[in-house]
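Each residue of the sequence shown is one higher than the one before, starting from 20 at the first, in the numbering used here. Every residue gets a Cβ at the ideal spot worked out from N, C-alpha and C, and that includes glycine. Below is one structure, written out as structure tokens; the observations come after it.
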Amino acid sequence: MTSDQISQFEKKIIIRSIGAADFSKIIALQHICFPNMIPWKMEQLESHIRIFPEGQICVELDGEIIGSCSSLIVNFDDYLEQHTYSEITDKGYIRNHNPHGGSLYGMEVMVHPDYRRMKIGRRLYEARKRLAEQLNLRGIIVGGRIPGYHKYSEKMSPREYAEEVLQQNIYDPVLTFQMMNGFTLKRIITNYLPDDEDSKNYAALLEWNNIDYKPSNSKTHYKLSFPVRICVIQYMMKKIDSFEEFATQCEHYVDVSADYKSDFAVFPENFTMQLLSFLEERSPSLAIRKLTTFTVQYVELFSELAVKYNVNIIGGSHFVEENNRIYNVGHLFRRDGTIEQQYKLHISPNERKWWGINGGMKLEVFDTDCGKISIQLSSDIEYPEISRIVAEEGAQIIFVPFCAEDRQAFLRIKYCAQARAIENQVFTVTAGTVGNLTHVDNVDIQYAQSGVYTPADFSFPRDGIAGECSENTETVIMAELDMEILQRHRKSTDVLTFRDRRTDIYSLQIRS
């Protein structure tokens, strides 16, 4: 036979990540596999691929989806042994996904009934195991249904039923399959899934151990605390005579932050405008274009400082020219030498009028060695949708470099930063400029009281303030934030403003 003739007999099975185009097929498959249970909502599936796309896997045969599985990563110590499905999956939205957790938690596996003799389920489980190995996780945990139990519920307890399945005296379509795939029974969970009538709301907690797991010394794994130290720099805008003088001033503050073993040094918005004090250009719009010529020097300086002093630097913001347009751009300089950018989204009337600044089009969440973070320049923090979206994507700290000319502008930023910390149960950090640039037009006066803010609850400082600078003074403050306490706070407090949002009646969607 020729290759063309042989190809007529080929059946192409593809194991791949789930995408947005697959959602309707996934929901249709759920209706077939679990006719008596509530299927995923579109917004839940959107949340899955936004937060942890690697954990959402499907099997495709000749263009049709015939199986799928969904997972998230958890620190299982954060949950009670008798947890519910809703608790550990965040009502199916997985916003509790913890990239620093130690275990992959399996939410669901389904295979079309017409293809259950093709080992599709085994392929999905093997894909999960490979993912756990690639991510160096301890193993996989599942709350497995026991759908055959309803036939025996009047004769034996769920534990007795599970033991009979283990002894192969009873066949259970789910539990038997999981045992054959290397999972061990840990315990029986009660009231796990309310609409699982076949299992009588019970589930078997099962675990597969990754024998290739390599324990890490990283402080992000199973620590009683995960302290992150922040150095906030309230930067003085004063006349200088050269870029070298600017660099010396910046290096001084990074050196100070390193002396205190800080994980982040945070500079204010627009602080590079200090360079305009030695440029002879009175027109604000032309001066800004001259300022953009220092972009390479600015990036080289702060990238070098981050690596030299082993500090992640939130490099305030700097004006950048691209395609003859000017943008206000925040920079993250990681201590491993990598660099990220967040363009300011909401441009003030003053920025448009005097400098011709354009708004960015993309909202970013950045991974760091201290967890996920977001950078929101000045007025961006005044738009609550932005913080809600980044919190849903896992950001735990929102950095807010700002530049305010009077107390009213400063208070808008401060109060909004505090509100965002409470609404989303995250930390917010503001860093502003002080002083005067008497030689530069439209950079007349500055007003700031930089601060570090927390949710308002017993686990955090009184008034939700971890630290604040003195007003209008050149200084720094240090604050230590415990990321582990924040994680526990999101799960165990009386007021859960982030988890208990009514996503059944409203949601946010970012347009790409």
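Alpha helix (DSSP H) segment containing residue i, residue limits
i: S105; result: Y104 to I107
i: Q197; result: L194 to M199
i: I165; result: Element bounds for I165: n/a, residue is neither H nor E.
i: H337; result: It is not in any alpha helix (DSSP H) - H337 instead sits in the beta strand (DSSP E) that spans N331 to E341.
i: Q63; result: M61 to I70
i: P267; result: For the sequence presented, residue 267 should be read as Thr rather than Pro. Start and end: F262 to D278.
i: C52; result: F42 to C52
i: L305; result: P303 to L310
i: V384; result: Premise fails: V384 is in no alpha helix (DSSP H) and is neither H nor E.
i: I153; result: One detail in the question is off: residue 153 reads as Gln in this sequence, not Ile. I139 to Q153 is the extent of the alpha helix (DSSP H) around Q153.
Cβ-Cβ separation, residue j to residue i (assumed contact under 8 Å), whole Å
i: P72; j: S36; result: 6 Å
i: Y190; j: Y180; result: 12 Å between Cβ atoms; not a contact.
i: I417; j: T452; result: In fact, because the Cβ distance is near 19 Å, the residues do not count as touching under 8 Å.
i: E288; j: P420; result: 4 Å
i: M255; j: E490; result: Incorrect: roughly 13 Å between the Cβ atoms, too far for contact.
i: L123; j: L156; result: 5 Å
i: H169; j: E127; result: Not really, about 20 Å apart at Cβ, beyond 8 Å.
i: A414; j: I392; result: 6 Å
i: F245; j: E83; result: With 8 Å as the limit, F245 and E83 do not qualify as a contact, their Cβ atoms being about 44 Å apart.
C-alpha distance - residue i paired with residue j, whole-angstrom precision
i: L364; j: I432; result: 15 Å
i: F517; j: I46; result: 26 Å
i: K233; j: F479; result: 34 Å
i: I408; j: T195; result: 41 Å
i: N200; j: V330; result: 45 Å
i: S526; j: N220; result: 29 Å
i: R136; j: I85; result: 12 Å
i: I208; j: S218; result: 11 Å
i: Q24; j: I32; result: For Q24, the predicted structure reports a pLDDT of 46, less than 50, and the residue's modelled location is therefore unreliable. The matter cannot be settled from this model.
i: G356; j: G120; result: 25 Å
i: E62; j: G74; result: 17 Å
i: L150; j: I107; result: 19 Å
i: S469; j: C422; result: 10 Å
i: G111; j: N94; result: 17 Å
i: S87; j: N229; result: 22 Å
i: H240; j: P118; result: With a pLDDT of 44 at H240, under the threshold of 50, the predicted position of this residue should be treated as unreliable, and no value is reported.
i: S237; j: G390; result: Summary for S237: the model assigns pLDDT 49, below 50, so the residue's position carries little reliability; its value from the coordinates is reported in the next sentence. So the two alpha carbons sit approximately 12 Å from each other.
i: N455; j: N343; result: 29 Å
i: T103; j: V275; result: 47 Å
i: R178; j: R147; result: 27 Å
i: F321; j: I366; result: 25 Å
i: Y472; j: D425; result: 21 Å
i: F286; j: A39; result: 38 Å
i: V318; j: Q49; result: 50 Å
i: G483; j: R353; result: 28 Å
i: L64; j: D519; result: 18 Å
i: A132; j: H116; result: Per the sequence shown, the amino acid found at residue 132 is Pro instead of Ala. The alpha-carbon atoms of P132 and H116 are separated by roughly 30 Å.
i: T21; j: F42; result: Reliability of the predicted coordinates at T21 is poor, the pLDDT of 47 falling under 50, and the value obtained from them is presented with this limitation in mind. C-alpha separation (whole angstroms): 38 Å.
i: L212; j: D523; result: 18 Å
i: Q316; j: Q293; result: 14 Å
Opening and closing residue of the beta strand (DSSP E) in which residue i lies
i: V471; result: G470 to Y472
i: P246; result: P246 to M256
i: N443; result: No beta strand (DSSP E) contains N443, which is instead part of the alpha helix (DSSP H) from R426 to N443.
i: R353; result: Unbroken run through R353: none, as it is neither H nor E.
i: E83; result: E83 to V93
i: N228; result: A222 to N228
i: K205; result: T203 to I208
i: L500; result: T494 to D501
i: V318; result: Run containing V318: none in the beta strand (DSSP E); it sits in the alpha helix (DSSP H), T314 to Y328.
i: R35; result: I32 to S36
i: K391; result: G390 to I394
Best match in the options for proximity to residue i [C-alpha to C-alpha]
i: C488; options: Y232, V251 and L156; result: V251
i: I345; options: E359, T311, E490 and D278; result: T311
i: R308; options: L295, L430, D214 and E319; result: L295
i: P192; options: Y211, V130 and V315; result: V130
i: T314; options: Y98, E300, P303 and G334; result: G334
i: D476; options: R507, T449 and V495; result: R507
i: Q528; options: G486, E412 and R439; result: E412
i: D109; options: P474, H67 and Q101; result: H67
i: G158; options: E183, A410, S90 and R248; result: S90
i: Q395; options: L430, G375 and R439; result: R439
i: N443; options: F429, E83, K510 and E152; result: K510
i: I139; options: I113, N347, L185 and I76; result: I76
i: F53; options: R164, A410, F283 and E499; result: R164
i: A325; options: A428, V339, Y144 and H271; result: H271
Any C-beta of chain B under 8 Å from that of residue i
i: L143; result: Of the protein chains in this structure there is only one, and it is not chain B.
Practice problem: Pair every Cβ in the region 213-228 with every Cβ in the region 451-469, then say whether three or more of these pairs are closer than 8 Å. | Solution: No: the two stretches stay apart, fewer than three of their Cβ pairs being nearer than 8 Å.
Self-check item: Inter-stretch contact at 8 Å, needing at least 3 Cβ pairs: the region 399-415 / the region 366-373
Solution: The region 399-415, when compared against the region 366-373, does not touch it at the 8 Å Cβ threshold.
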